[in-house]
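Encoded as structure tokens, the structure appears first; notes follow it.
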Amino acid sequence: MAKFVLAGKADCPYYAKAELLADVLQRKLPDFHIHKISVHPSDWKKWLEDTCSSNGWKHSSSPIVWRELIDRGGKGMLLGGFNDFLEHAQGYYGITSDMNSDLMIQIAADNQQTRELCMEEEIHRQRSIRPLHIWISSALSPICYSLIPQLFTLELFPGLPTFSLHLMDAGGSEEILQGLKMETEDLALHQLHEPICESNDEQDDKDHMVSRVAERFRCYGQLIEANAQKDVRVIVAGDSFVNLKSSLLIENAPSVNPHNFVAMATQLEYEAKTHLAQKLLVKTADITKVIVWGNISGIYHIDLQRAKVFRYDGAIWGPDGFSQQVLEIIYDWKWLETDLMSLVHKHHTAISSKTKNATAISTTNGIMTILRAWNNDASPEDVFSLGVISTGQFGIPAGLVFSMPVSFRNGHWSVRSDVTVTDELRLKLDACADELSKERDIAARILKKDA
């Protein structure tokens, strides 16, 4: 079987003549197959350069013809232009073309008109599709390999049939990013309109970590301000400067409601629940309403004033749904005040040292938990720890992104007002706020210097 590919500018008369010759060959020869590619004149130069570069060919005119070596594998074999194709047809098959110049010009005009019509139809089709755009920065993080498939569960974004997934990674390889795009396409998800690799020209060469964060997230905030819908929702997750990153996004996207930016503390919540569950000999899911205050990736405080435990094997038992206050069950105050915080602080490192990787599964679970609560009605009894912009609640300085207890309702979060801030807790919150203020001041000085 002979399979040829014929490509050319849609308005090229020689492409039109080669096209007619190819049709004659295919009609007369049962084992001859042709695939035709009509390229708009404005796209032809780049298309030809990219095609020749990827195949190691040299060719500069329209049309271009090559043979696909489907029986032997490997890349195609370049035949050449129109004259080379004509000679090949005459020499191997004894068939030639007798199309006159007027007909060539007419067919070329028809080809261009058809190509432009197809392009208009494609533009119209694309515009008629209004997908939900999901942007992931640091897309090459191991977290994304477990997160991406779960983003397309039906209940997560109810009523939205299609999604466009934008993948970014400032410090990552473009080739690896394209590989992630291909893997995403291989998921064959009906809701996925298209995965897109986004170019990023940032230079991540500064020595100081705060400097890199400040530069990068100022850029991200400006991109959100310039391109995103004003009802965009942004979740910031990770292991470093999570509150600061969210604050920088808010500052650089002033037309977006600050309530649409949140920093995820859910993973810390779950890690604290894990150690409490081990202490009480219950499952992690049996611990609820743990609050994380402060700087999620810095100085934070785990608050158990509302924490409850279910199915605890103690002296008091009750029906299904019966719970007890954790602080009434654990009498080891030293463990609560010192050991618990130490265990949670070391949790990330302990997992990473064993897996040689980031805590991808638990981080993904935390992101999914917040997305489900934000997009669907959560119970008003549920308590979530979330880094949100302060308006002065609990005496926290206004404008800081600070982790505090919230509830979700009707697609919005609100800060819980039914928590008590004791004098002891106040001192801990002040320490968290002081660290966050210093981080923000350092970032502001760096950005002012670079302005």
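Note that numbering that gives the first Met the number 0 gives residue 139 to position 140 of the sequence shown, counting from 1, and the numbers run on in steps of one.
We put the beta carbon where it would ideally sit given N, CA and C, even for glycine.
Since the structure is predicted, the reported quantities are computational estimates derived from the model, not experimental observations.
Among the options, which has the Cα closest to the Cα of residue i?
i: Ser245; options: Trp334, Ser406 and Ala442; result: Ala442
i: Gly386; options: Glu48, Ser378 and His300; result: His300
i: Leu5; options: Leu247, His165 and His32; result: His32
i: Leu24; options: Phe3, Arg305, Trp292 and Asn259; result: Phe3
i: Asn409; options: Phe401, Leu435 and Ser378; result: Ser378
i: Val209; options: Ser384, Leu247, Gln190 and Cys11; result: Leu247
i: Ser59; options: Leu435, Leu303 and Lys8; result: Lys8
i: Gln304; options: Gln277, Leu370, Gly297 and Val382; result: Val382
i: Gly220; options: Ile249, Leu279 and Ile94; result: Ile249
i: Val291; options: Asp22, Gly391, Ile36 and Ala264; result: Ala264
i: His258; options: Ser384, Leu191, Ile388 and Ser361; result: Ile388
i: Ser296; options: His346, Thr273 and Ser254; result: His346
i: Gln228; options: Ala213, Arg444, Pro157 and Pro253; result: Pro253
i: Asp168; options: Thr337, Lys333, Cys196 and Lys278; result: Cys196
i: Val414; options: Ser322, Glu380 and Gln323; result: Glu380
i: Glu184; options: Leu164, Ser172 and Glu119; result: Leu164
i: Glu327; options: Asn82, Leu279, Ser53 and Ile147; result: Leu279
Quick one: what's residue i bridged to in DSSP?
i: His344; result: His344 is not bridged to any residue.
i: Phe321; result: According to DSSP, which records beta bridges pairwise, Phe321 is partnered with nothing at all.
i: Ser79; result: Note that residue 79 is Gly in the sequence shown here, rather than Ser. Bridge partners of Gly79: Val64.
i: Ile369; result: Paired residue(s): none; Ile369 is not in a bridge.
i: Leu191; result: Phe162
i: Phe469; result: This structure cannot settle anything about residue 469, because the visible part of the chain is limited to 0 through 450.
i: Lys427; result: Answer is none; Lys427 lacks a bridge partner.
i: Ile147; result: Per DSSP, none; premise fails for Ile147.
i: Ala284; result: Per DSSP, none; premise fails for Ala284.
i: His132; result: Ser163
Under 9 Å, do residue i and residue j count as touching if we go by C-beta distance?
i: Val308; j: Leu275; result: yes
i: Gly80; j: Ser61; result: yes
i: Asn374; j: Leu155; result: yes
i: Asp285; j: Tyr269; result: no
i: Asn242; j: Arg217; result: no
i: Gln149; j: Thr363; result: yes
i: Asp238; j: Asn256; result: no
i: Val235; j: Trp412; result: no
i: Ser402; j: Gly293; result: yes
i: Ile142; j: Phe162; result: no
i: Leu399; j: Leu446; result: no
i: Lys288; j: Ala306; result: yes
i: Leu453; j: Phe151; result: Residue 453 is absent from the model: the chain starts at 0 and stops at 450.
At the level of alpha carbons, what is the spacing between residue i and residue j?
i: Tyr516; j: Lys427; result: Examination of residue 516 is not possible in this model, given that the chain is present from 0 through 450 alone.
i: Thr283; j: Cys51; result: 58 Å
i: Gly394; j: Leu186; result: 48 Å
i: Ser96; j: Leu85; result: 8 Å
i: Ala349; j: Pro194; result: 34 Å
i: Leu47; j: Leu131; result: 34 Å
i: Glu423; j: Ser145; result: 40 Å
i: Leu20; j: Trp43; result: 21 Å
i: Val38; j: Pro404; result: 57 Å
i: Gln535; j: Leu166; result: Past the boundaries of the shown model lies residue 535; the chain is included only from 0 to 450, so the question cannot be answered.
i: Trp316; j: Val343; result: 29 Å
i: Lys437; j: Asp417; result: 29 Å
i: Gln105; j: Gln111; result: 10 Å
i: Gly365; j: Phe240; result: 17 Å
i: Ile223; j: Leu335; result: 41 Å
i: Val281; j: Ser140; result: 32 Å
i: Asp433; j: Val420; result: 17 Å
i: Gly93; j: Ala1; result: 15 Å
i: Asp22; j: Ser41; result: 26 Å
i: Ala372; j: Ser384; result: 12 Å
i: Lys448; j: Ile63; result: 53 Å
i: Gln277; j: Met181; result: 41 Å
Taking all protein chains shown into account, do 16 or more other C-beta atoms lie within 10 angstroms of the C-beta of residue i, making it buried, or fewer, making it exposed?
i: Ala138; result: buried
i: Arg215; result: buried
i: Lys463; result: A question about residue 463 goes unanswered here, because the residues of the chain that appear run from 0 up to 450.
i: His34; result: exposed
i: Cys431; result: buried
i: Ile175; result: exposed
i: Trp65; result: buried
i: Pro318; result: exposed
i: Phe407; result: buried
i: Glu18; result: buried
i: Asp376; result: exposed
i: Tyr91; result: exposed
i: Pro12; result: buried
i: Asp440; result: exposed
i: Arg444; result: exposed
i: Arg211; result: buried
i: Ala213; result: buried
Would you say residue i reaches chain D, if we count a Cβ-Cβ gap shorter than 9 Å as a contact?
i: Arg26; result: Within the model displayed, chain D is absent; a lone protein chain is all it includes.
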